[in-house]
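J.:
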Amino acid sequence: MSTYLSIFRLLWRVKRVEQILSRMWRFHMTSTRKLRCVPEVNGLLHQFCTLRSEMTHFVYSVQYYLTFESLESSWNEFSQNVSKARELDSVILAHQNYLAAIKSKALMEKDTEDLLECIFHIFEVIVQFD
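Each step along the sequence shown adds one to the number in the numbering used here, with nothing skipped, and position 128 is 132.
1. Should VAL45 and ILE123 be called a contact, given that it needs their Cβ atoms to be closer than 8 Å?
2. Which stretch, first to last residue, makes up the alpha helix (DSSP H) that contains ALA98?
3. Count the other C-beta atoms from every protein chain shown that fall within 10 angstroms of the C-beta of SER57, then say buried if there are 16 or more, exposed otherwise.
4. Helix, strand or coil, according to DSSP, for MET28 in the structure here?
5. Using DSSP with H/G/I as helix, E/B as strand and the rest coil, what is TRP17?
6. For the structure I just gave you, are there three or more beta carbon pairs, one from the stretch 101-110 and one from the stretch 69-88, closer than 8 Å?
As structure tokens, then:
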């Protein structure tokens with residue numbers, strides 16, 4: 005159960021940062037319309053928009069990787085293994101392998117935890133930027 009919880013926390017964190025960036029985009033659009041007539045602010049708004057756009061691209065890339073490269077590909081393998089299973093022990097083993105594959109592909113193992121910590125640090129910077 006703890007594996008499911010750690011996977012859920014990772015996905016929740018990515019989704020939370022995505023929502024923050026979406027809220028920033030809405031704020032930026034309304035601010036740009038209101039401040040369009042102030043030329044001193046246009047450069048700053050453009051820099052803000054560019055930075056937000058880069059952060060959004062990063063978060064979407066992480067989200068895509070986790071969803072399609074980690075979860076979906078592991079699910080396909082799991083489905084095939086379960087359909088080939090002849091006994092309960094084979095299903096249990098397929099499930100254990102499924103969770104191990106997700107943890108491995110989602111950078112949640114000891115040898116990749118530094119990279120995941122870097123991603124979390126970037127997420128913290130995005131949250132602070134809000």
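In this text, a Cβ means the ideal position worked out from N, Cα and C, and glycines have one as well. Values in this document were obtained by computation on a predicted structure and should not be read as measured data.
T.: Looking at the coordinates:
1. no
2. 92-109
3. exposed
4. helix
5. According to the sequence shown, residue 17 is Arg rather than Trp. ARG17 falls in the helix class under three-state DSSP.
6. yes
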